[in-house]
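So the sequence shown is numbered by the numbering used here: it starts at 158 and just counts up by one.
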Amino acid sequence: MKKIFFILFITALISCGKMPINGNLDGRWQLMTIDCHENGEQTYPEYTYYDVSLHLMELKRKTANNETSLFFGLKARFQHIDDSLHIQMIRCTKKSVIPFGMNDTIQHFAVETLTKKKMILNSGYARLSFRKF
158 MKKIFFILFI TALISCGKMP INGNLDGRWQ LMTIDCHENG EQTYPEYTYY
208 DVSLHLMELK RKTANNETSL FFGLKARFQH IDDSLHIQMI RCTKKSVIPF
258 GMNDTIQHFA VETLTKKKMI LNSGYARLSF RKF
């Protein structure tokens, strides 16, 4: 009888967690480079992250001294379909998404590379390179 209760308890405990639904896309991605198509400029943003979980994305940026910057905690909804990623920012301005390699609050990316450790996204505005953090 104790074994049955133990098995039921373990089964209930395991089933409570949310499983990743986005495959390799789920997790924390550090933005390494932004290659702007318009002017050919390449930038190396520091402490800039895309956190992907379930159906939401959070974009974070911290300053070098670990204080929160003005652009901390932008939220977005996204759809990842085959080799494309569509991001729609929630309650923010075009200006606030520029440090994250976007030029609009709705952005469409082609997914060039997506592995467990590396992601490369390309839009009409810029090519973004990430590493899994």
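Each residue gets a CB set at the ideal place from its N, CA and C atoms; glycine is no exception.
Neighbourhood of N279 by C-beta, 7 Å cutoff - its chain only, sequence neighbours within 5 removed
Hits under 7 Å: F266, A267, E269.
Through-space distance from K289 to K274, alpha-carbon basis
Rounded to whole angstroms, K274 and K289 show a C-alpha spacing of 5 Å.
By how many angstroms is the C-alpha of G184 removed from the C-alpha of D208?
About 6 Å.
I164 in three-state terms, based on DSSP
Reduced to three states, the DSSP call for I164 is helix.
Below-9 Å beta-carbon distance, D192 vs any chain C residue:
Note that chain C does not occur in the displayed structure, where there is just one protein chain.
With 16 other CB atoms within 10 Å as the buried threshold, where does R248 fall?
By the C-beta density criterion, R248 is exposed, having fewer than 16 other C-beta atoms within 10 angstroms.
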